[in-house]
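Protein chains in written order, with my numbering: chain Z, 89 to 476; chain P, 39 to 636; chain R, 196 to 567.
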Amino acid sequence: MSASASTTRTGGFWARLKALTRKEFRQLLRDRSNLAIGIALPALLILLFGYGISLDVNNATVAVVIEDASPTALDVLSGLQLSPYFTQRNVRSMKDAERMMNAREVEAILRLPSDFTGQLAAGHGRLQLIVHGADAATARAIQGYVGGALAQWSARADDRDAHRGATARGAPFGAVTVEQRMWFNAANTSTWYLVPGLIVLIMTLTGAFLTSLVVAREWERGTLEALFVTPVRPTEILLAKMIPYFVVGMIGFAMCLLAARFLFRVPFVGSLWLLLLSSVLYMFVALGVGLLISSATKNQFIASQMALLTSFLPAMMLSGFLFDLNNVPAVVRYVGQALPATHFLELIKTLMLAGNVWPIVFKDFAILVGYALVLLTAARLVTRKRIA
Amino acid sequence: MSRPAALTAEHLRRSFVVKEARRTVVALDDVSVSVAAGSLTALVGPDGAGKTTLLRLAAGLLAPEAGRLTVLGIDVARHPQAVQDRISYMPQRFGLYDDLSVQENLDLYADLHGVPASERSARYVRLMEMTDLGRFVARPAGKLSGGMKQKLGLACALVRSPELLLLDEPTVGVDPLSRRELWQIVRQLVDVEKLTVVVSTAYLDEAERCSQIFLLRQGRVLSSGTPDSLREHADRSCFVATPPPDQPARWLQARLLDDTAHVVDAVPHAGEVRFICRREVESPQTLEALNGAPIRAVAATLEDGFMVLLHQTEPAKAAAAAAPASSPKTDGPGHATDTVIEVKDLVRKFGDFVAVANTSFSVRRGEVFGLLGPNGAGKTTTFRMLCGLLPATSGSLSVAGVDLRRAPSAARRHIGYVSQKFALYGNLSVEQNLSFFAGAYGLRGSLAVDRIGSATRQFDLDALRTTPTSQLPGGYRQRLAMAAALLHEPQILFLDEPTSGADPLARREFWRRITALAEQGTTVVVTTHFMEEAEYCDRIIIQDAGKVLALGTPREVRAQAKGDAEAPAPPSMEDAFIGIVERSRGAVAGDAAARATA
Amino acid sequence: MLDFLFRLLALVRKESLSVLKDPSSRVILFLPVLLQSMLFGYVATYDLSNVPYAVLDQSRSPTSAALLAHLDGTGFFRRVATLQAVSEIAPAIDTQRALMIVQIGPRFEQQLMAGDTASIQLILDARNSTTANSAAAYVGSVIDAFNAEQSQQRGGPAPALTLETRAWFNPNLETRWNFMPALIATLSMLQTLLLTALSVAREREHGTFDQLLVTPLSPTEIMIGKAIPPMLIGLVQSTLVLLVTRFWFHIPMAGSPITLYAGLAAFIVAGVGIGLSISALAANMQQAMLYTFVLLMPMMLLSGLTTPVSTMPRVLQIATLVNPIRFGIDLVRRVYLEGVGLATVLPDLLPLLLIAAVTLPAAAWLFRNRLV
């Protein structure tokens, strides 16, 4: 064994990449904290979002105070009972009702005042609805349902009057009714649009957060120092870091899809291949963010904070996941539109719920490809075999 | 045919901006070095001297700000990858992956270096033989002992034969046996395989085994040459004085050290005191500090040469080192016989692993007591049990009459503690740190102000009162840690590896303070892996793998190491340690073999 | 006793300096909270404000124009296109150009004039079903008003039945009024938890924790000393969010500041307790961060911040009984929006105090007894 041994070298890019990737996989599997973030946390998120978070209002309780128990009043109320969205609790007095509302046992109070029948006969019947402002979304929904139910009662009452030939109501003019059709969400449940959003969250978690932690950790532990003084090239180091976490991210994706399909019965209208392709693309984007942050900061704590602030939090708040971007001020909407997560979310929601809408598919694909290229190139530029 | 120089550095300069400290540290300033091919070269110097920076520059991990660095004929700054393809580098933190097994680590480096499969098996066999890690190939690297990790790090750097091998402090904290083994490996590489090896180390005795030495201090080359040429600086100035039998050697050493007009350096050794006289002194035996003790001339060692050089370049600092530390008055010097620390049958287990096995000892008031042993021996564990930080699995211990683990706050007021990493609050200033510890130990008002003031004066920290601790150079951090521990005038002082990484000057200064403290009645308990520092102690205990191998005065331990009466007493504590450990491990192996065959 | 106080004071001073001395860490403590509260304030809303819609008016009559004028006049709907053919409907919705299509048939006016009901088609993109349902509800109420107005214009009587709605505490039913008070609690809890979770773990890594344990400070004193500065910081952060809520978003505060701060104090103490326990349990900062993150996720999601606890399945509702954020949010919402007194929020206050009472001593015990 002489000192000048470079001639019999085998190796090269693929051999080194294989060796590095093998090492990364081993480290991933043997460090339980990585698995916790990569597998356990996504599973937890799926369960929480799927079962715990629901933006639908469908079990509100309304206290009904009947101060006038005439047949007409009860007829009006029977119309309300037809609604499947809330339960009715009959209460004797306003005082009781208000107590219940204060204790949050009911979300609203519907009051038929004592002079109701008389007022109705005279043509100006009044119902009082008091909603609790602490939950404005539910309150609005209740307002909508009650209003709608009463309008329907009015319409039916008019019809009956018309059948009886009563013309005391004056010149007839038809009423407009609405036939509504909800496209893409037959079950009309928020779960159907939250679950695609989960895919975005989980891939962001794995790609940006977990990866940034892991790479920054390696910088901190100092093992990269010895690695650098070998024939290894920076690109190989980056690729080797990307591959295992790409796999973990796709496992998270698969978990989400399976849960969506079998647990929450979200449909897949569009092409599964497109869905897969777009997820692969977004994974690259997320990995690019993670690698860029960790190579630039080289510090676990800062890297994780930055990953959270710049990718996870925006994915949750500004991508349209929970809060529809149509409702926010213009400035905020522009910020949201600048995020890759927003476009990915739009893409998978469309693919899953609406199908292969090609204009959207092309547009979002192009944006994601652009982001992926920019981020990965930046990450490569920042990773150099230098200690300082 | 002579080969060209493996490494040539010309006027290298490199500095770093320390972000939290907001200042620039010059790590290397006008450094020029030349390493011949096929040689074993040492870079010597304390923490912060610039050794690691120089090695990193050579490995292409840093770029110089000024100057040129040529490795194997290649300009490293411009073609780092070309250099990295041909050299091997073992950094201070070994570069091992804790989650991967020994075999997996080796395979990784072999793959990365492109070692062909045919070569590999023969290579591995040789590496396992060399490092004795054959039995542990499947064990995760994180579970190896310090010495084994270092050996594995070396093996990974040697999966192929590089043209140049750079080793950054490969023997720090490792037990003397493993150190010896590592150096044997390195020596063999140079002699047999004609590798060029550059090693950085803080151990001067290791440097003596090299053919060329570069002494670095604060980013500059202090001196360079062969061991012989460096030794010559102290030629004919070295003597050994024999102290009177009833006095600890350190008293004589302290008095000699204080005599800065005539004495360059003094250090206890083998029960006696080695000292270096200034060239001008004509009749050393008449020195007042000796007080009539007999002396004899001895040959100079590398350390002596180093000390002379240091004193030549920084005489003022040397004087400061010799200034005695004032300390609280308790009893008179060392004749008290009451026991302040009592340990009986102490055992500490972590699951199945026995960290400390059945240890018993006691410490008297005013004694300097040393716990010696390599990393993993159990001394830090014993220490932490003494301080009350860790509960004992069984056995009893009492410090100043109480078990610190269960003791009320009042009892802890008599203890001072300096931890291994000089645990201080980095972003707080010197003054803020001191005032926190003053408050925590119950000092208030004018008393606190007084004591803080005297601490900063005494430890030469006055100018740095408002400096954040993270900005302090290493030596000052150690001083601040000690100052904080002494604010409340404790009766017992615990010091955990207070001198690791410090240069000889700083170590002298530290022990001088300890001596002064002990003289005034403070009990001092110290751990260290520098075996030679045992000489400063009144009594020592040597642990290895949790077991007590020796307990007694340094003289007694050296005698114990003698074993059979014929062999002469080994000259140094390190040799004594190796002797004791080898015998004990041999005995253990013998027992195991006996049981196996029975 | 005096000794104890002095030691404690020294520790509190040291902790505060550690956290506040560095200007960049001061910024990190207070700026993100400010920015996040503003961001959330503008983003977190379920109220419709700008629904893009398209119209296919095959009737092209004055009546249909009047109906559309009503729709446009609400300000919630923004017409982005007027379609010419049925075939244009699907593309408009598919590509999300419009969220809603209003299709009025060719015989719309005639049917109405004849006294028959005329129905219009409303097609909604339910890729966000919440928005779609809200939009449908709004359209429904616009139609009702239109019907009433048309009938009255032609001499018909006023509608027989009207519904008067009143809202307690939130007159305009803005969801932002629910979010912001909740944020007063949540945002400061996030930061406090992270701060305390790292505090002991960092000291353990740097070795200063051993130093601390060797001093006369007892574990309980250390725990108190480490709890006080984050508590104060948390209260300051809550105050910042409160100021943004009150003076930037003009959401009036109905309750008494004293009650609010008493509740917030209990809430933050509970958070500090949890954080210190995590810190004492973790072996290093990496673990501490991990535990905190894994704990924070479900705590935030199941807290009632985005969706009410009452809509969750029973099992999860029970799980929230150990979630301090749930109680904190409920408490602050009640005091801020409804103006209730301490007695009413006792069911929220007591669990918080209980959490604090369990986690703080646990942390103190773990300081010494966590086997490394």
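Just so it is clear, CB atoms sit at the ideal spot from N, CA and C, and this is done for glycine as well.
Simplified DSSP assignment, three categories, for residue 370 of chain R
In the third sequence, the residue the question calls residue 370 of chain R occupies position 175. Of the three classes helix, strand and coil, the one that applies to residue 370 of chain R here is coil, per DSSP.
Return no unless some Cβ of chain R is closer than 8 Å to the Cβ of residue 581 of chain P.
On the second sequence, residue 581 of chain P is found 543 positions in, with the first residue counted as 1. Not closer than 8 Å to any Cβ of chain R, the Cβ of residue 581 of chain P fails to qualify, so no.
In whole angstroms, give me the CA-to-CA distance for residue 244 of chain P and residue 127 of chain P.
To locate residue 244 of chain P, count along the second sequence from 1; it is residue 206. To locate residue 127 of chain P, count along the second sequence from 1; it is residue 89. Computed Cα separation, rounded: 19 Å.
In the stretch 244 to 297 of chain P, which residue ranges form an unbroken alpha helix (DSSP H) of at least 4 residues, counting only runs that do not cross its ends?
265 to 269 and 287 to 296
What does residue 475 of chain Z touch in chain P if you count any residue whose Cβ is under 7 Å from its own?
Taking the first residue of the first sequence as 1, we reach residue 475 of chain Z at position 387. 94, 99 and 100, listed in chain order.
What does residue 267 of chain Z reach in chain R if we use C-beta pairs closer than 8 Å?
Position 179 of the first sequence, counting from 1, holds the residue named residue 267 of chain Z. Chain R residues near residue 267 of chain Z: 314, 315, 316 and 317.
Under three-state DSSP, which class holds residue 231 of chain Z?
The residue labelled residue 231 of chain Z in the question sits at position 143 within the first sequence. Three-state result, residue 231 of chain Z: helix.
Go ahead and pull the three-state DSSP assignment for residue 173 of chain Z.
The residue labelled residue 173 of chain Z in the question sits at position 85 within the first sequence. Note: residue 173 of chain Z maps to coil in three-state DSSP.
At a Cβ cut of 8 Å, what residues of the stretch 467 to 488 of chain P count as close to chain R, listed as they run along the chain?
470, 473, 474, 475, 476, 477, 478, 479, 480 and 482
Given that residue 342 of chain R touches chain Z, what residues does it touch there, using C-beta distances under 7 Å?
Within the third sequence, the letter at position 147 stands for residue 342 of chain R. The answer, in chain order, is 263 and 264.
Proximity of residue 465 of chain R and residue 519 of chain R at Cβ, strictly below 8 Å
Position 270 of the third sequence, counted from the start, is the residue given in the question as residue 465 of chain R. Position 324 of the third sequence, counted from the start, is the residue given in the question as residue 519 of chain R. Yes, the Cβ-Cβ distance between residue 465 of chain R and residue 519 of chain R is below 8 Å.
Measure how close the beta-carbons of residue 292 of chain P and residue 623 of chain P come, nearest whole angstrom, since I'm counting them as under 8 Å.
The sequence position of residue 292 of chain P within the second sequence is 254, counting from 1. The sequence position of residue 623 of chain P within the second sequence is 585, counting from 1. Contact doesn't hold; Cβ gap of about 37 Å is too wide.
Out of Z:271, Z:406, Z:238 and Z:459, which one is the CA nearest neighbour of residue 324 of chain R?
For the purposes of this step, residue 324 of chain R is identified with residue 129 of the third sequence, where counting begins at 1. Here the closest residue by C-alpha is Z:271.
Taking 8 Å as the threshold (beta carbon to beta carbon), is residue 125 of chain P in contact with chain Z?
On the second sequence, residue 125 of chain P is found 87 positions in, with the first residue counted as 1. Yes - at least one Cβ of chain Z is within 8 Å of the one on residue 125 of chain P.
Can you tell me which of the three DSSP states residue 332 of chain P falls into?
The count along the second sequence starts at 1 and reaches residue 332 of chain P at position 294. DSSP places residue 332 of chain P in coil when its eight states are reduced to three.
Is there a Cβ of chain Z sitting closer than 8 Å to that of residue 131 of chain P, yes or no?
Translated into positions along the second sequence, residue 131 of chain P becomes position 93. Taking Cβ atoms only, chain Z reaches closer than 8 Å to residue 131 of chain P, which makes this a yes.
Determine the direct distance from the alpha carbon of residue 84 of chain P to that of residue 52 of chain P, and round the result to whole angstroms.
Here residue 52 of chain P is taken as the residue at index 14 of the second sequence, counted from 1. Here residue 84 of chain P is taken as the residue at index 46 of the second sequence, counted from 1. If I take the Cα positions, the gap works out to 18 Å.
Check distances from the C-beta atoms of the stretch 276 to 290 of chain R to those of chain Z and list, in chain order, the residues that come in under 7 Å.
288, 289 and 290
Only counting the same chain, and skipping five residues up and downstream in sequence, which positions put a Cβ closer than 7 Å to that of residue 67 of chain P?
Along the second sequence, one-based indexing puts residue 67 of chain P at 29. Closer than 7 Å at Cβ, skipping near neighbours: 51, 257 and 258.
Shortest alpha-carbon distance to residue 385 of chain Z belongs to which of Z:202, Z:300, Z:323 and Z:188?
Here the question's residue 385 of chain Z lines up with position 297 in the first sequence. Checking every option, the nearest Cα to that of residue 385 of chain Z belongs to Z:300.
With the cut-off set at 8 Å, would you say residue 292 of chain Z and residue 372 of chain Z are in Cβ contact?
If you number the first sequence from 1, residue 292 of chain Z lands on position 204. If you number the first sequence from 1, residue 372 of chain Z lands on position 284. The Cβ-Cβ distance between residue 292 of chain Z and residue 372 of chain Z does not fall below 8 Å.
Between P:226, P:242, P:107 and P:248, which lies nearest to residue 236 of chain P when the distance is taken from Cα to Cα?
Numbered from 1 along the second sequence, position 198 holds the residue referred to as residue 236 of chain P. Here the closest residue by C-alpha is P:248.
Just to confirm before moving on: does the CB-CB distance between residue 253 of chain R and residue 286 of chain R stay below 8 Å?
Residue 253 of chain R sits at position 58 when you count from the first residue of the third sequence. Residue 286 of chain R sits at position 91 when you count from the first residue of the third sequence. No. Outside cutoff.
Can you pull the chain P neighbours of residue 202 of chain R, defined as C-beta to C-beta under 7 Å?
For the purposes of this step, residue 202 of chain R is identified with residue 7 of the third sequence, where counting begins at 1. Chain P residues near residue 202 of chain R: 477, 478 and 480.
Would the beta-carbon of residue 465 of chain P fall within 8 Å of that of residue 506 of chain P?
On the second sequence, residue 465 of chain P is found 427 positions in, with the first residue counted as 1. On the second sequence, residue 506 of chain P is found 468 positions in, with the first residue counted as 1. Yes, the pair counts as a contact, with Cβ atoms nearer than the cut-off.
Any chance you could list the alpha helix (DSSP H) runs of at least 4 consecutive residues sitting entirely within the stretch 405 to 468 of chain R, in chain order?
414 to 438
For residue 358 of chain P, which residues in the same chain have their Cβ closer than 8 Å to its Cβ, ignoring the five residues on either side in sequence?
As a first step, residue 358 of chain P must be located in the second sequence, where it is residue number 320. Per-residue confidence for residue 358 of chain P stands at a pLDDT of 46, beneath the threshold of 50, marking its modelled position as unreliable; the derived number appears in the next sentence. Closer than 8 Å at Cβ, skipping near neighbours: 498 and 547.
Closer than 8 Å to chain P by CB, residue 409 of chain R
As a working mapping, residue 409 of chain R is identified with position 214 in the third sequence. It does; some Cβ of chain P falls within 8 Å.
Note down, in chain order, each residue of its chain lying with its Cβ closer than 6 Å to the Cβ of residue 537 of chain R, except the 5 sequence neighbours on either side.
Here residue 537 of chain R is taken as the residue at index 342 of the third sequence, counted from 1. Excluding positions up to five away in sequence, the list reads 454.
Does the Cβ of residue 474 of chain Z have 16 or more other Cβ atoms within 10 Å, making it buried, or fewer, making it exposed?
On the first sequence, residue 474 of chain Z is found 386 positions in, with the first residue counted as 1. Under this definition residue 474 of chain Z is an exposed residue.
For chain Z, check one thing: does any of its Cβ atoms lie closer than 8 Å to the Cβ of residue 162 of chain P?
Against the second sequence, residue 162 of chain P aligns to sequence position 124. Residue 162 of chain P does not count as touching chain Z.
Residue 395 of chain P versus residue 96 of chain P - alpha carbon distance:
Translated into positions along the second sequence, residue 395 of chain P becomes position 357. Translated into positions along the second sequence, residue 96 of chain P becomes position 58. Near 45 Å, if we compare the C-alpha coordinates of residue 96 of chain P and residue 395 of chain P.
If you reduce the DSSP assignment to three classes, tell me which class residue 401 of chain P lands in.
Stepping through the second sequence from its first residue, residue 401 of chain P is reached at position 363. In this structure, residue 401 of chain P counts as strand in the three-state DSSP scheme.
Just confirm the distance between the C-beta atoms of residue 377 of chain R and residue 472 of chain R, as a whole number of angstroms; I'd bet it's less than 8 Å.
Looking up residue 377 of chain R in the third sequence gives position 182. Looking up residue 472 of chain R in the third sequence gives position 277. In fact, because the Cβ distance is near 24 Å, the residues do not count as touching under 8 Å.
Among all the DSSP beta bridges, which residues are the ones paired with residue 216 of chain Z?
Numbered from 1 along the first sequence, position 128 holds the residue referred to as residue 216 of chain Z. Answer is Z:199 and R:359, bridged to residue 216 of chain Z.
Thinking C-beta only, is residue 133 of chain Z closer than 8 Å to residue 507 of chain R?
One-based indexing of the third sequence puts residue 507 of chain R at position 312. One-based indexing of the first sequence puts residue 133 of chain Z at position 45. Contact: no.
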